[in-house]
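Participant:
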Amino acid sequence: MSKAKLYLSPRPEFTGVSSSFENSRYVFFGVPYDRSSTYKAGSRFGPGAIRDVSANLELYSIRSDVDLEKVPVHDMGDVDTVEDSQETLKRVTSVWSELVAADKIPIMVGGEHTITKAAIDALRLDLGLTPLDLRRSSVEKTAQRIRSFLAKSPHAYVTVDIDALDPAYAPGVGNPEPDGLSTDELLTLVQGSMGRNIIGLDAVEVSPALDSGQTAAACAKVIFEAVAALSVRGL
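Just so you know, the sequence shown maps onto residues 395 to 629 in the working numbering.
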């Protein structure tokens, strides 16, 4: 992890507890970047807010029947972002590449959604189902479609833009979208997406200054349930 460490600075641990890198299958890191936000900036503060609230949420997953205290997760800290957007994305790609080479499942939080491109560049994946494809179906059918799609794919990457949630559930986002998903619907989709071929995931667009913490809590919960579902599947 020599090169990646040059781009990272330590932060308070996700959930308040961080296992060693060597003993962890899942590696969490933040990218406090929002220079290309198109509406309300502030998602650069998302990683810190998500960490803060994660230490105060229940770590037992009812959906997966998993105690997350028993699932080793290592927090690497945050990528040091710079004025040059391309350099920032290059750093994110470098971190992803080294984590995948080390046989880890990276969990990245933003920050705005631009950072997902850096992960895709590292993984060299073809895009699959689109948001429009998913919206045309019910939550249960969509979850089934996702599982079927993933079963045919050698590798899969899941990205969660938290502003997919209705503003009633997640007002703290840069681009609020009325008629969005409920928290339950999103968690159902995320849980259903966690197949054995998942090689990474991200959750982005939390802008904590725009609410009192509920959006960061929803994002932390998404990560909790994703890790719980992956651990059940033996990943």
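Every residue gets a Cβ at the ideal spot worked out from N, C-alpha and C, and that includes glycine. Note that the structure is predicted; figures quoted are calculated from it, not measured.
Are the Cβ atoms of A614 and V460 separated by less than 8 Å?
Facilitator: Indexing the sequence shown from 1 puts residue 614 at position 220. Indexing the sequence shown from 1 puts residue 460 at position 66. It is not a contact, given that the beta carbons lie outside the stated cut-off.
Participant: Does the distance between the C-beta of V489 and the nearest non-hydrogen atom of the ligand MG fall short of 7 Å?
Facilitator: In terms of ligand content, the structure shown is empty, and the ligand MG therefore cannot be addressed.
Participant: Nearest CA to the CA of L544: which residue from L580, D573 and R590?
Facilitator: Here residue 544 refers to the residue found at position 150 when the sequence shown is read from its first residue. Minimum Cα distance to L544 is reached at R590.
Participant: By Cβ distance below 7 Å, which residues in the same chain neighbour S576 in space, the five residues on each side in sequence not counted?
Facilitator: Position 182 of the sequence shown, counted from the first residue, corresponds to residue 576. So the list reads D560 and Y563, once near-sequence residues are dropped.
Participant: Quick check on the DSSP output: the alpha helix (DSSP H) that includes G440 runs from which residue to which?
Facilitator: Counting from 1 along the sequence shown, the entry for residue 440 is found at position 46. Unbroken alpha helix (DSSP H) run through G440: G440 to S448.
Participant: Are the Cβ atoms of R457 and F408 separated by less than 8 Å?
Facilitator: Residue mapping note: residue 457 aligns to position 63 of the sequence shown, counting from 1. Residue mapping note: residue 408 aligns to position 14 of the sequence shown, counting from 1. In this structure, F408 does not lie closer than 8 Å to R457 by Cβ.
Participant: In terms of residues, what are the limits of the alpha helix (DSSP H) holding T577?
Facilitator: Within the sequence shown, residue 577 is the residue found at index 183, counting from 1. Where T577 is concerned, the enclosing alpha helix (DSSP H) stretches over T577 to S587.
Participant: Is P602 helix, strand or coil by DSSP?
Facilitator: Position 208 of the sequence shown, counted from the start, is the residue given in the question as residue 602. Looking at P602 - three-state DSSP - the assignment turns out to be helix.
Participant: Please classify T553: does DSSP put it in a helix, a strand, or coil?
Facilitator: As a position in the sequence shown, residue 553 is number 159, starting the count at 1. Strand, per DSSP.
Participant: Give me the residue from A435, P406, V473 and K399 with the minimum Cα distance to V653.
Facilitator: Since the first and last residues shown for the chain are 395 and 629, residue 653 lies out of range.
Participant: In angstroms, rounded to a whole number, what distance separates the CA positions of G410 and K484?
Facilitator: Working through the sequence shown from its first residue, we reach residue 410 at position 16. Working through the sequence shown from its first residue, we reach residue 484 at position 90. Cα-Cα distance, rounded: 29 Å.
Participant: Would you decide whether R627 is buried or exposed? Buried here means 16 or more other CB atoms lie within 10 Å of its CB.
Facilitator: What you label residue 627 is simply residue 233 of the sequence shown in a count that begins at 1. By the 10 Å Cβ count, R627 comes out exposed.
Participant: Grab me the residues of V486's own chain with a C-beta within less than 6 Å of its C-beta, minus the 5 sequence neighbours each way, in chain order.
Facilitator: As a working note, residue 486 is residue 92 in the sequence shown. Once the five neighbours on either side are set aside, the close Cβ partners of V486 are V425, V473, I509 and A512.
Participant: Check for me: the alpha helix (DSSP H) holding D472 runs from which residue to which?
Facilitator: Position 78 of the sequence shown, counting from 1, holds the residue named residue 472. Premise fails: D472 lies in the beta strand (DSSP E), V467 to V473, not in any alpha helix (DSSP H).
Participant: Let me make sure I understand the geometry here. Which of A612, P500, V598 and V616 has the alpha-carbon closest to that of A435?
Facilitator: Counting from 1 along the sequence shown, the entry for residue 435 is found at position 41. Ranking the options by Cα distance to A435, first place goes to V598.
Participant: Given M502, which residues of its chain have a CB within under 7 Å of its CB, disregarding the five upstream and five downstream residues?
Facilitator: Position 108 of the sequence shown, counted from the first residue, corresponds to residue 502. Hits under 7 Å: F423, V425, I509, A513 and D596.
Participant: What did DSSP end up calling F415 once you bin it into helix, strand or coil?
Facilitator: Along the sequence shown, read from residue 1 onward, the residue named residue 415 stands at position 21. Coil at F415, not helix or strand.
Participant: How would you write the range of the alpha helix (DSSP H) that F618 sits in, first residue to last?
Facilitator: Position 224 of the sequence shown, counted from the first residue, corresponds to residue 618. From DSSP, the alpha helix (DSSP H) with F618 extends over Q608 to V626.
Participant: Helix, strand or coil for V503 per DSSP?
Facilitator: Residue mapping note: residue 503 aligns to position 109 of the sequence shown, counting from 1. Reduced to three states, the DSSP call for V503 is strand.
Participant: Using beta-carbon positions only, say whether I592 and L517 come within less than 8 Å of one another.
Facilitator: Within the sequence shown, the letter at position 198 stands for residue 592. Within the sequence shown, the letter at position 123 stands for residue 517. The answer is no: Cβ separation not under 8 Å.
Participant: Report yes if the C-beta distance between A611 and L453 is below 8 Å; otherwise report no.
Facilitator: Counted from its first residue, the sequence shown places residue 611 at position 217. Counted from its first residue, the sequence shown places residue 453 at position 59. Not closer than 8 Å, so no.
Participant: Using the rule of at least 16 other Cβ atoms within 10 Å of the residue's Cβ for burial, across every protein chain shown, is Q538 buried or exposed?
Facilitator: The count along the sequence shown starts at 1 and reaches residue 538 at position 144. Exposed, because fewer than 16 other Cβ atoms sit within 10 Å of the Cβ of Q538.
Participant: Along the alpha helix (DSSP H) that carries V486, what are the first and last residues, could you check?
Facilitator: As a position in the sequence shown, residue 486 is number 92, starting the count at 1. Residues S479 to A495.
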